[in-house]
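Numbering (my numbering), first residue to last: 714 to 1078.
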């Protein structure tokens, strides 16, 4: 079987680790994998040799031509692409139209990865390519339920994302070591982001030895710099550009602060939990991995005072915080293993490319 992993630009930037994890896992299962990402994607893929770079910009009537260029790059110059790829797996809503064109060229099935809540309504109203076998892949159980509730007319397969737990957890809140926190947010919900960041800055003002790393994108979008300046803690706040790509740094911190509740799946959360970090996160009905006092500490509210109180409590209760990190790690090891994700994908691909999958009639196009 040959699977094309097709990602849009935002997904490739934020979930490079997941794409590499899937590609490596599928290859280990004997599946041939090709990764295609937009030309402007800055992320460097270490474990995927030479991804196909495609143009995701242009007038709508050039979409077919751009898809043909991708198909030719995969099939080879002058060769028919039909039958070369069996499944086009689309990550990110901006890649869905391209996925349809490529599925037509390859005569392949399509898997839509519904990784955030905003895609549920979109897939329900999407015009699917005629003759293509289709399925939605839900990376979490609440997403699967949302698709069913929305009346999506194509089958859904549950394929929960997973993470690798290293042999030993990250040592957190070590005696004699200055605590470090990392603030992970898209910054799109600026009020929520600013309140959580204000709470973190209050902690810095009261705990002079504590350091805070923060995603530069969130600082720019939500205007966080003025909050740190007003709190007088600029000297202990470090901006990290492309933080999602710096997981080596993130996974060496003690606490991970995640105020977003955008109904999005994030492997960075899974990785932090798998490494035993102390996660403080907002509750999100579409993200089942966030379980208060099992995998994370959930503030009572999104107010700055609540974040301040929750962070201080975690820093003060060293033994309890270490235990919470280990509980999260065990939860990932039992419930969200990366190997289980790969196995679910292999089964779903086999089903999707077989006779049981739903094929859209020509009238739908």
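By construction, the Cβ of each residue, glycine as well, lies at the ideal position given by its N, Cα and C atoms.
For clarity, every value in this text was computed on a predicted model and none was experimentally measured.
Could you tell me how far apart the beta carbons of residue i and residue j are, in whole angstroms, since I believe they sit closer than 8 Å?
{"i": "residue 1058", "j": "residue 872", "result": "6 Å"}
{"i": "residue 900", "j": "residue 906", "result": "5 Å"}
{"i": "residue 717", "j": "residue 749", "result": "6 Å"}
{"i": "residue 1040", "j": "residue 1007", "result": "6 Å"}
{"i": "residue 923", "j": "residue 990", "result": "Not really, about 15 Å apart at Cβ, beyond 8 Å."}
{"i": "residue 977", "j": "residue 726", "result": "Not confirmed; about 14 Å, so no contact."}
{"i": "residue 952", "j": "residue 985", "result": "At roughly 19 Å, the Cβ-Cβ gap does not stay under 8 Å, so residue 952 and residue 985 are not in contact."}
{"i": "residue 875", "j": "residue 1053", "result": "6 Å"}
{"i": "residue 812", "j": "residue 803", "result": "4 Å"}
{"i": "residue 910", "j": "residue 896", "result": "6 Å"}
{"i": "residue 787", "j": "residue 798", "result": "7 Å"}
{"i": "residue 1056", "j": "residue 878", "result": "The pair is not a contact, with the Cβ atoms about 17 Å apart (cut-off 8 Å)."}
{"i": "residue 898", "j": "residue 973", "result": "5 Å"}
{"i": "residue 915", "j": "residue 759", "result": "With a Cβ gap of about 38 Å, residue 915 and residue 759 do not count as contacting."}
{"i": "residue 975", "j": "residue 1030", "result": "With a Cβ gap of about 29 Å, residue 975 and residue 1030 do not count as contacting."}
Where does the unbroken alpha helix (DSSP H) through residue i begin, and where does it stop?
{"i": "residue 1053", "result": "1051-1065"}
{"i": "residue 839", "result": "First-last for residue 839: undefined, no H or E at that position."}
{"i": "residue 916", "result": "903-919"}
{"i": "residue 852", "result": "Note, residue 852: premise wrong, no alpha helix (DSSP H); not H, not E."}
{"i": "residue 723", "result": "722-727"}
{"i": "residue 982", "result": "980-987"}
{"i": "residue 939", "result": "938-944"}
{"i": "residue 784", "result": "776-788"}
Give every residue of the same chain whose Cβ lies closer than 7 Å to the Cβ of residue i, excluding the five residues on either side of it in the sequence, and list them in chain order.
{"i": "residue 781", "result": "818"}
{"i": "residue 1071", "result": "With a pLDDT of only 49 at residue 1071, under the threshold of 50, the placement of this residue in the model should not be trusted; the figure read from the coordinates follows. Answer for residue 1071: 846, 847, 867 and 868, listed in chain order."}
{"i": "residue 1067", "result": "none"}
{"i": "residue 853", "result": "873, 978, 999, 1000 and 1001"}
{"i": "residue 946", "result": "914, 917 and 918"}
{"i": "residue 724", "result": "804 and 805"}
Going along the chain, which residues of its own chain have a beta-carbon closer than 8 Å to the beta-carbon of residue i, five neighbours each way excluded?
{"i": "residue 857", "result": "851, 869 and 871"}
{"i": "residue 833", "result": "827, 856, 859, 860, 863 and 865"}
{"i": "residue 744", "result": "714, 715, 716, 1059 and 1062"}
{"i": "residue 959", "result": "953"}
{"i": "residue 932", "result": "900, 938 and 952"}
{"i": "residue 783", "result": "749, 765, 767, 811 and 815"}
{"i": "residue 1019", "result": "912, 1012 and 1013"}
{"i": "residue 983", "result": "874, 875, 876, 1002, 1045 and 1049"}
{"i": "residue 1004", "result": "1044"}
8 Å is my cut-off, CB to CB: does residue i come that close to chain D?
{"i": "residue 904", "result": "Absence of chain D from the displayed structure is noted, only one protein chain being present."}
Grab me the residues of residue i's own chain with a C-beta within less than 6 Å of its C-beta, minus the 5 sequence neighbours each way, in chain order.
{"i": "residue 807", "result": "721"}
{"i": "residue 739", "result": "746"}
{"i": "residue 794", "result": "784, 788, 818 and 819"}
So, is residue i buried or exposed, given that buried needs 16 or more other C-beta atoms within 10 angstroms?
{"i": "residue 775", "result": "exposed"}
{"i": "residue 731", "result": "buried"}
{"i": "residue 814", "result": "buried"}
{"i": "residue 1074", "result": "The pLDDT assigned to residue 1074 is 46, lower than 50, so where the model puts this residue is not dependable, and the model offers no usable value."}
{"i": "residue 773", "result": "exposed"}
{"i": "residue 1038", "result": "buried"}
{"i": "residue 1012", "result": "buried"}
{"i": "residue 728", "result": "buried"}
{"i": "residue 755", "result": "exposed"}
{"i": "residue 751", "result": "buried"}
{"i": "residue 949", "result": "buried"}
{"i": "residue 805", "result": "buried"}
{"i": "residue 1036", "result": "exposed"}
{"i": "residue 908", "result": "buried"}
{"i": "residue 1027", "result": "buried"}
{"i": "residue 824", "result": "buried"}
{"i": "residue 829", "result": "buried"}
{"i": "residue 790", "result": "exposed"}
{"i": "residue 1078", "result": "Low confidence applies to residue 1078: its pLDDT is 36, below 50, so where it sits in the model is not reliable, and the reading given next is rough at best. It counts as exposed."}
Where do the N-terminal and C-terminal ends of the beta strand (DSSP E) with residue i fall, by residue?
{"i": "residue 924", "result": "924-928"}
{"i": "residue 1043", "result": "Unbroken run through residue 1043 is the alpha helix (DSSP H), 1031-1048; no beta strand (DSSP E)."}
{"i": "residue 962", "result": "Segment 960-963 is the alpha helix (DSSP H) holding residue 962; no beta strand (DSSP E) there."}
{"i": "residue 950", "result": "950-953"}
{"i": "residue 810", "result": "No beta strand (DSSP E) contains residue 810, which is instead part of the alpha helix (DSSP H) from 809-819."}
{"i": "residue 823", "result": "822-826"}
{"i": "residue 803", "result": "800-804"}
{"i": "residue 749", "result": "745-751"}
{"i": "residue 870", "result": "869-871"}
{"i": "residue 767", "result": "765-767"}
{"i": "residue 971", "result": "968-971"}
Is residue i near the ligand SAM, in the sense that its beta carbon is under 7 Å from a heavy atom of that ligand?
{"i": "residue 979", "result": "Ligands in the displayed structure: none, and consequently the ligand SAM is not present."}
Three or more C-beta pairs below 8 Å linking the region 962-970 and the region 991-1005: Segments in contact, yes.
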